[in-house]
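Structure first, then comments.
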DNA sequence: ACATATAATGCAAACGTTGCCGGGAACGAG
DNA sequence: CTCGTTCCCGGCAACGTTTGCATTATATGT
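Chains as they are written, first to last, in the numbering used here: chain A, 654 to 1003; chain B, 654 to 1003.
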């Protein structure tokens, strides 16, 4: 067993500071500070002495002291609805990748799809003097006052995926309309004519855009939109199932479903299985779906993929540029990334 | 569009401080400080005045100044191999849940399964004056010197899942041996006798423990261990597949596989499908698997589940207790949580 | 030798907060 | 009238770092 030296004495060692180095060398703290950052107005001998001792004592500057002085924390906050799903965690991986390389740290918050919790998190963030925020709003978020307030305080904000329409701050989104259009066209090409659209809360930007793509595709094929085939639901599995059961009581029944989130797609999938409907023979399915496991599902699900890692990277790049240029906007108002469609068994020609 | 007032003027407002309040009220900063924390040695009228103004100006204490003074950051660091997989993100959700309620923030780092990157992250963490660390070590990590060094600096550390044996600090693990034992017994009960064990790097604690459970189950059924049926691989899909193809060239071929991680299980699954082997008719499968999507896979996979959210919660509770008691150990040296097995089609009697 | 330029270093303030110490005012007791 | 006590409050230092300015010592030019 390797045991820490200090396991046995309660007193923990204080990190070595500039003052410690100054004291040991009999010089002033300012000289040490300048020597460490290689200022030219310090004698070469002194500088070497200081740098050597600093290395020996394993000096590392205290970022908290620096933050206090320079009024920046080198920390960016991320608020997502839930971290424990593939989409969010992959986006965060992208954010972390860029942040890490730019010397920023990432702190994570979850809104758990609650507006109230989102507001609390934002206040917490603001009081923590975080340098910037990347957010995908909760399912409940219709107003952007909390975000506007944060921006008013001078904190740069980048939104991704679920954006808040009324807030004018840079955003990273996927071409939701295009994705839904492609998916719907694909179903239509396969001969499905009664396509249901099972989607999220109507006020969410992604919902609106995917709806737009869905309707455009129908229009292109001159299929009238059936209101009763458009279902909005939240992220609770029981509710998703209830909504779907109701949908499937319609006559004529839809013969295809476009599901606009992983959770909804899985919910649909379960209900169809429970009802012993064959996919795609009785009813076809296409979903917005990123989890790589989905291609092993039986039947394998045709998926609209979002470029998750890219979304995170782009959002982080945008935000850090804003932070370092000390501005609240960016030359890019909106970065829109393309979706890709992977056609699999669940949407094959009947 | 709601636009932030300051979108149009570059100068961002400075957060209001105690000094601002003191100046406006013509009193000293220390009085304001005391009034805000409700000290009894402040006149009721003054206190009310201060508190009202603080509320009006939306004063929030600067946590960075506090951190500097009190030498603690109220931030805990988390290092995981990769965040973008179900296990890790679910553990982090558990950590965040507890941390949030205890007034701590969570910052995330990824080692990307590289020892080197893990060391860099730990140094970064230390220089950031983080209050504590929760870590699951990388696939490459065999030595614990970097962790010992951090502990020597007085930073409390809790390990979870992939622990580092030589480091004596609290750990939260699952009953890996028990899980593997259950899985193997289950396969044996179903009549499978040639059970291969596809697992991770041999020096990892989880590998050792799962191996132990596997061997115990075989011993119970008086089946000799076949070395050639034990395969170690890393997390690269190509390598997993290569290892598996080699394994399946043995005669007699194994007729069941125990896969000890989600990635390995998926890799095995793909190879078996490619080789047109039927599951479980030709070869059965059981895997350590947490992703909820796995029950929709064809055939549905028998899974050993780890209590991911609990692991995160327990680790966070442990760590925060250590931080607040200012100690490097805990009455619980090891918290071991039970696995659960969900029997599905992939391991049914042949 | 003296004025001046130049190089190297120290001092002090600042960032926002808290806590110790000290002091003035009011008041009661003697 | 004096002393002691209590109540409120201000001043100062400290946390670790940076930076403008002052200071000292040395070198250069005449």
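Backbone N, C-alpha and C define an ideal beta-carbon position, used for all residues, glycine too.
These figures come from a predicted structure and were not determined experimentally.
Annotation for residue 998 of chain A: no alpha helix (DSSP H) segment contains it, and DSSP assigns it neither H nor E. Within the same chain, Cβ atoms closer than 6 Å to the Cβ of residue 897 of chain B are found at 921 and 924, the five residues on either side in sequence being excluded. Secondary structure at residue 763 of chain A: strand, using DSSP grouped into helix, strand and coil.
When secondary structure is reduced to three states using DSSP, residue 824 of chain A falls in the strand class. Beta-carbon to beta-carbon, residue 810 of chain B and residue 788 of chain B are separated by about 7 Å, close enough to satisfy the 8 Å threshold. When the five nearest sequence neighbours on each side are left out, the beta carbons in the same chain lying within less than 7 Å of the beta carbon of residue 888 of chain B are those of 766, 792 and 916, in order along the chain. A buried status is given to residue 764 of chain B, since no fewer than 16 other beta-carbon atoms sit within 10 Å of its beta-carbon.
The beta strand (DSSP E) runs lying completely inside the stretch 952-994 of chain B and spanning 3 residues or more are 955-958 and 987-990, given in chain order.
In this structure, residue 913 of chain B keeps its C-beta atom at 7 Å or more from the C-beta atom of residue 827 of chain B.
For residue 897 of chain A, the enclosing alpha helix (DSSP H) has its first and last residue at 890-900.
Residue range 682-689 is occupied by the alpha helix (DSSP H) that includes residue 685 of chain A, with no beta strand (DSSP E) assigned at that position. Sequence-distant Cβ neighbours of residue 745 of chain B in its own chain, meaning closer than 8 Å and more than five residues away, are 731, 733, 736, 759, 761 and 965. Judged by DSSP in its simplified three-state form, residue 938 of chain B adopts strand. In this structure residue 959 of chain B is buried. Its beta-carbon is surrounded by 16 or more other beta-carbon atoms within 10 angstroms. Between residue 878 of chain B and residue 867 of chain B, the alpha-carbon positions lie close to 9 Å from each other.
Here residue 886 of chain A has 892, 893 and 896 as same chain residues with Cβ atoms under 6 Å from its own Cβ, once five neighbours each way along the sequence are excluded. Sorting A/911, A/779 and A/819 by C-alpha distance to the C-alpha of residue 882 of chain A places A/911 at the top.
When 9 Å is used as the limit between beta carbons, residue 749 of chain A is near these residues of chain B: 736, 761, 762 and 763, in chain order. Boundaries of the alpha helix (DSSP H) harbouring residue 832 of chain B: 829-842, taken from the DSSP string.
With distances taken between CA atoms, residue 869 of chain B lies nearest to B/832 out of B/677, B/991, B/845 and B/832. Under the Cβ criterion of 7 Å, residue 807 of chain A is counted among the residues facing chain B. At the C-beta level, residue 961 of chain A and residue 743 of chain A come within 7 Å of one another.
Residue 927 of chain A is classed as exposed because its beta carbon has fewer than 16 other beta carbons within 10 Å across all chains shown.
Residues of the stretch 700-732 of chain A with a Cβ closer than 8 Å to any Cβ of chain B, in chain order: 713, 714, 715, 716, 717, 718, 720, 721, 724, 726 and 728.
Counted as a single uninterrupted DSSP element, the alpha helix (DSSP H) harbouring residue 699 of chain A occupies residues 697-709.
The contact set of residue 946 of chain A on chain B, defined by CB atoms closer than 8 Å, consists of 919, 944, 946, 947 and 950 in chain order. With a contact defined as Cβ atoms closer than 8 Å, residue 840 of chain B and residue 937 of chain B qualify at about 6 Å.
For residue 868 of chain A, the enclosing alpha helix (DSSP H) begins and ends at 858-873.
By a beta-carbon distance limit of 8 Å, residue 954 of chain B does not contact residue 1002 of chain B. Their separation comes to about 16 Å.
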